[in-house]
Each structure stands twice: as structure tokens, then as C-alpha cells.
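Please read the structure below before turning to the comments.
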Amino acid sequence: MASLWRAATGLTEKPSDYDGVEFWSNPERTGWLTKQGEYIKTWRRRWFVLKQGKLFWFKDSAVTRASKPRGVIPVATCLTVKGAEDILHKPYAFELSTRSDTMYFIADSDKEKEDWINSIGRSIVQHSRSVTDNEIVDYDSAKR
Numbered sequence: 121m122a123s124l125w126r127a128a129t130g131l132t133e134k135p136s137d138y139d140g141v142e143f144w145s146n147p148e149r150t151g152w153l154t155k156q157g158e159y160i161k162t163w164r165r166r167w168f169v170l171k172q173g174k175l176f177w178f179k180d181s182a183v184t185r186a187s188k189p190r191g192v193i194p195v196a197t198c199l200t201v202k203g204a205e206d207i208l209h210k211p212y213a214f215e216l217s218t219r220s221d222t223m224y225f226i227a228d229s230d231k232e233k234e235d236w237i238n239s240i241g242r243s244i245v246q247h248s249r250s251v252t253d254n255e256i257v258d259y260d261s262a263k264r
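Taking the working numbering, the leading residue of the sequence shown gets 121, the next gets one more, and so forth.
Have a look at this one:
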């Protein structure tokens, strides 16, 4: 039951999720965002840390080596990050999408929203894999 709770809340203890990223030291970007819960769709204010292709979130901003992230998103799995005011009907909203899921966030200002979109977008480009062989469709050979 405890492992199910950790999985549901993003509280995994596996070091592989962090890949040795020292999220407490010199992050690329930090700040408060309001995030919609994955299972219970309530809005919660969380402290976000972007570092080395991982977007971590915490309950408070006092992040130390001993801090346990509430969740982590490897940005290499993300396809897009863009504004979402028109979808959520909330100011300063943006979305982060993977192949299978879309997560929504709300920043405190338009500048914060744009700064997060730019930072996450840069990180997606830096950390995403190039297209793999099995994702390439050769239409010429398919016609034969």
C-alpha cells in the first residue's frame, strides 16, 4: 500500500528518477507555480526547480539535499510547452504535454509564464532524443 501511495503522489524513492541531479544546488530556474493534481484535479501551489532536464516540484521553497521532491518530470519526454489561458480560462496558464498526458500550470504573472515556457522549451530541446529508427516511416518502401 505504501508503494502505491508513493506512486500515486509522485513520491518515489528511486534514485534513477533523479539521475544524480543535485536539484538543491544552482538550478536553471526556480519559482512558485500552481499545478493541477494528476489524480485529484485540485490546484496546489508548489515550488518548482528545473535542472539538467528534470522539472522537480516541492511543497515549499526551502529545498536542501534532504528534500524529497513531490514529483519529477523528465523534460526529454515532453513534446510541447505553450500557453493555455484559452483552455483553462485562467490568466498566466500554460501546459506541458507528453505523448500520453498534458499537465497544466498557472504562473503568478505573464512574465513568469513566458519565462517558464522559455526555460522549459530550451530544456526540452537540449535533452530530447533525436528521432529513433523505429519512429521513422519510410513511405517509399511501404508502397512496394
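For every residue, glycine included, the Cβ atom is placed at its ideal position computed from N, Cα and C.
Item, Value
"Cβ contact (3+ pairs, closer than 8 angstroms) linking the segment 223-231 and the segment 180-191", "no"
"Beta-carbon spacing of Val201, Ile237 below 8 angstroms", "yes"
"Under 8 angstroms between C-beta atoms of Val169 and Thr150", "yes"
"Bounding residues of the alpha helix (DSSP H) (the contiguous stretch that carries Ile240)", "230-247"
"Residue span of the alpha helix (DSSP H) that contains Ile207, given as start and end", "205-208"
"Neighbourhood of Gln172 by C-beta distance below 6 angstroms, restricted to the same chain and skipping five residues each side", "Val141"
"Exposure of Pro211, with buried meaning 16 or more beta-carbon neighbours within 10 Å", "exposed"
"Own chain, CB closer than 6 angstroms to Glu148, minus 5 neighbours either side, in chain order", "Leu170, Lys171"
"Separation of Arg164 from Gly157, as counted between CA atoms", "7 angstroms"
"Exposure of Arg166, with buried meaning 16 or more beta-carbon neighbours within 10 Å", "buried"
"Proximal residues to Ser217 (C-beta, below 6 angstroms), its chain only, five neighbours per side dropped", "Leu199, Thr200"
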